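Asks: Numbers in the numbering used here are just positions in the sequence shown, counted from 1, shifted up by 27.
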Amino acid sequence: MSDYNFSIEAKNLNKTFIKKDNTKIDALKNFSINIPKGSIYGLLGPNGAGKSTFINILGGLVKKDNGKVKICGIDIDKNAKNSRKKIGIVPQELNIDPFFTPYELLELQAGLYGVRKKERHTEEILKKLNIHDQKNAYARSLSGGMRRRLLVAKALVHNPEIIILDEPTAGVDVELRQNLWNYIKELNQKGTTICLTTHYLEEAENLCDKITIINKGKILKSDSKENLLNLIGKKRVNFNLNCSLNYLPKKLKIYNPILNKNILSLTYDKNKTKLRSILNDLNNLKITFDEINTQESDLEDVFIQLTQNHDS
Ligand SMILES: Nc1ncnc2c1ncn2[C@@H]1O[C@H](COP(=O)(O)OP(=O)(O)O)[C@@H](O)[C@H]1O
Ligand SMILES: [Mg+2]
28 MSDYNFSIEA KNLNKTFIKK DNTKIDALKN FSINIPKGSI YGLLGPNGAG KSTFINILGG
88 LVKKDNGKVK ICGIDIDKNA KNSRKKIGIV PQELNIDPFF TPYELLELQA GLYGVRKKER
148 HTEEILKKLN IHDQKNAYAR SLSGGMRRRL LVAKALVHNP EIIILDEPTA GVDVELRQNL
208 WNYIKELNQK GTTICLTTHY LEEAENLCDK ITIINKGKIL KSDSKENLLN LIGKKRVNFN
268 LNCSLNYLPK KLKIYNPILN KNILSLTYDK NKTKLRSILN DLNNLKITFD EINTQESDLE
328 DVFIQLTQNH DS
């Protein structure tokens with residue numbers, strides 16, 4: 028049981044919600060993911076993609092229709108209680124009981140997880156997350172940023188092997204975002220597996236080793252950050268030619284040329300090639316044009332490209 032390579036293994040998860048007007052929404056469709064032990068794993072997708080649904084299934088807040096989930100090798104259907112002890116979830120919503128103080132909330136949470144008094148490290152967590160000064164203030168008086176940190180603190184009280192953060196920096200200011208990122212990295216270096224959802228590419232870029240891109244409940248791609256960024260680093264330039272081109276010169280092969288009527292499209296890696304050198308190549312080949320436009324491929328492009336591939 029204790030021997031596992033993946034902190035989280037999910038296979039063929041499906042979840043359909045039925046809305047008030049009786050329409051169905053497939054929040055997850057055959058969703059499978061393997062999150063390696065010790066990694067920082069990003070679940071990236073636009074709003075409504077199904078990210079929180081997956082997190083909530085892990086936390087037992089949403090019931091899956093079917094599929095299998097193992098947390099640290101423990102099947103959540105067979106041993107829900109033990110599997111839940113392995114994870115600490117920082118929810119997307121800032122729902123904090125306003126009538127408790129941060130200190131009380133952490134102690135309560137520790138009690139809930141059966142952490143013995145002498146094994147608790149409430150003070151240390153409060154300090155680490157910079158909310159120690161507010162430890163006796165009512166939670167309702169805390170700012171949004173402090174609430175976010177308190178939620179992170181709450182997820183840590185039982186020393187979980189996996190921390191799951193659902194949109195940890197949505198609506199958070201730049202300084203706190205940086206703080207949280209550093210803290211997440213620190214936890215990871217000490218051996219905690221991290222899974223976070225985000226719709227910011229920047230966040231995934233800064234933190235994650237591996238990323239799964241999800242849209243409309245379906246996985247579009249799971250890959251290492253490097254491979255995804257290479258995909259994203261591509262840029263396309265279109266030339267409206269004013270000369271006739273009967274064949275594609277060899278010299279342009281490296282740009283994966285596409286000729287469609289009088290539009291010549293070339294793709295290049297913006298980190299390696301400058302547009303200037305492409306223009307020089309065309310000039311040398313005596314290929315002339317009237318107009319030029321460039322398209323940065325960003326995450327949205329990747330989404331579109333992947334979705335089109337998926338639907339066809
Ligand atoms: N409790 C619910 N009842 C009905 N629909 C829901 C419920 N929770 C989520 N959904 C729908 O499921 C889809 C996925 O939502 P969610 O998992 O929250 O996406 P994300 O976290 O990626 O933004 C959305 O279309 C959302 O409206
Ligand atoms: Mg969400």
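No residue lacks a Cβ here, since even glycine has one placed at the ideal position from N, Cα and C. Please read all numbers here as calculations on a predicted model, not as lab measurements.
Would you say the beta carbon of S249 is closer than 7 Å to some non-hydrogen atom of ligand 2?
Replies: Stepping through the sequence shown from its first residue, residue 249 is reached at position 222. No, ligand 2 has no heavy atom inside 7 Å of this Cβ.
Asks: Drop a sphere of 10 angstroms on the beta-carbon of Q136, count the other beta-carbons inside from all chains shown, and report buried for 16 or more, exposed for fewer.
Replies: In the sequence shown, residue 136 corresponds to position 109, counting from 1. Burial call: buried.
Asks: Within the chosen definition, does the segment 217 to 230 reach the segment 64 to 79 through at least 3 CB pairs nearer than 8 Å?
Replies: Segments in contact, yes.
Asks: Along the alpha helix (DSSP H) that carries E134, what are the first and last residues, could you check?
Replies: Walking along the sequence shown from the start, residue 134 turns up at place 107. According to the DSSP assignment, E134 belongs to the alpha helix (DSSP H) that extends over 129 to 139.
Asks: Taking buried to mean at least 16 other C-beta atoms within 10 Å of its own C-beta, is Q161 buried or exposed?
Replies: Start at 1 with the first residue of the sequence shown, and residue 161 comes out as number 134. Its Cβ being crowded by 16 or more others within 10 Å, Q161 is buried.
Asks: How about L183 and I211: do their beta carbons lie closer than 8 Å?
Replies: Within the sequence shown, residue 183 is the residue found at index 156, counting from 1. Within the sequence shown, residue 211 is the residue found at index 184, counting from 1. Not in contact: L183 and I211 (Cβ atoms no closer than 8 Å).
Asks: Helix, strand or coil for Y165? Go by DSSP, reduced to three states.
Replies: Locating residue 165 in the sequence shown gives position 138, counting from the first residue. DSSP places Y165 outside both helix and strand once states are collapsed to three, so it counts as coil.
Asks: So I241 and A76 are in contact, right, with Cβ under 8 Å, and what is the actual spacing, rounded?
Replies: Mapped onto the sequence shown, residue 241 falls at position 214. Mapped onto the sequence shown, residue 76 falls at position 49. Yes, they are in contact, since the Cβ atoms of I241 and A76 sit about 5 Å apart, within 8 Å.
Asks: Is the CB-CB distance between F33 and F58 below 8 Å?
Replies: Taking the first residue of the sequence shown as position 1, residue 33 is located at position 6. Taking the first residue of the sequence shown as position 1, residue 58 is located at position 31. Their beta carbons are not under 8 Å apart, which means F33 does not touch F58 by this criterion.
Asks: Jot down the residue ranges of each uninterrupted alpha helix (DSSP H) in the segment 272 to 319, minimum 4 residues, whole runs only, in chain order.
Replies: Taking only runs of at least 4 residues, the alpha helix (DSSP H) segments lying wholly in the segment 272 to 319 are 302 to 311.
Asks: As a quick exercise: from L302, L88, N265, A164, pick the residue whose alpha carbon is nearest that of A107.
Replies: Locating residue 107 in the sequence shown gives position 80, counting from the first residue. Nearest C-alpha to A107: L88.
Asks: How many Å lie between L178 and L309 at the Cα?
Replies: What you label residue 178 is simply residue 151 of the sequence shown in a count that begins at 1. What you label residue 309 is simply residue 282 of the sequence shown in a count that begins at 1. C-alpha separation (whole angstroms): 57 Å.
Asks: Would you kindly work out how many angstroms separate the C-alpha atoms of E255 and D296, rounded to a whole number?
Replies: As a first step, residue 255 must be located in the sequence shown, where it is residue number 228. As a first step, residue 296 must be located in the sequence shown, where it is residue number 269. Per the sequence shown, residue 255 should be read as Leu rather than Glu. The straight-line gap from Cα to Cα measures roughly 13 Å.
Asks: Am I right that Q205 and R263 are in contact with their C-beta atoms under 8 Å? What's the rounded C-beta distance?
Replies: Walking along the sequence shown from the start, residue 205 turns up at place 178. Walking along the sequence shown from the start, residue 263 turns up at place 236. About 33 Å separates the two Cβ atoms, so there is no contact after all.
Asks: Spell out a yes or no on whether the segment 243 to 253 and the segment 47 to 66 are touching, meaning 3 or more CB-CB pairs, one atom from each, closer than 8 Å.
Replies: yes
Asks: Ends of the alpha helix (DSSP H) at Y210?
Replies: Taking the first residue of the sequence shown as position 1, residue 210 is located at position 183. Segment 201 to 216, the alpha helix (DSSP H) holding Y210.
Asks: Thinking C-alpha only, which one of K277, R176, K288, K105 is nearest N116?
Replies: Residue 116 sits at position 89 when you count from the first residue of the sequence shown. Looking at the sequence shown, residue 116 is not Asn but Ile. Nearest Cα to I116 within the set K277, R176, K288, K105: R176.
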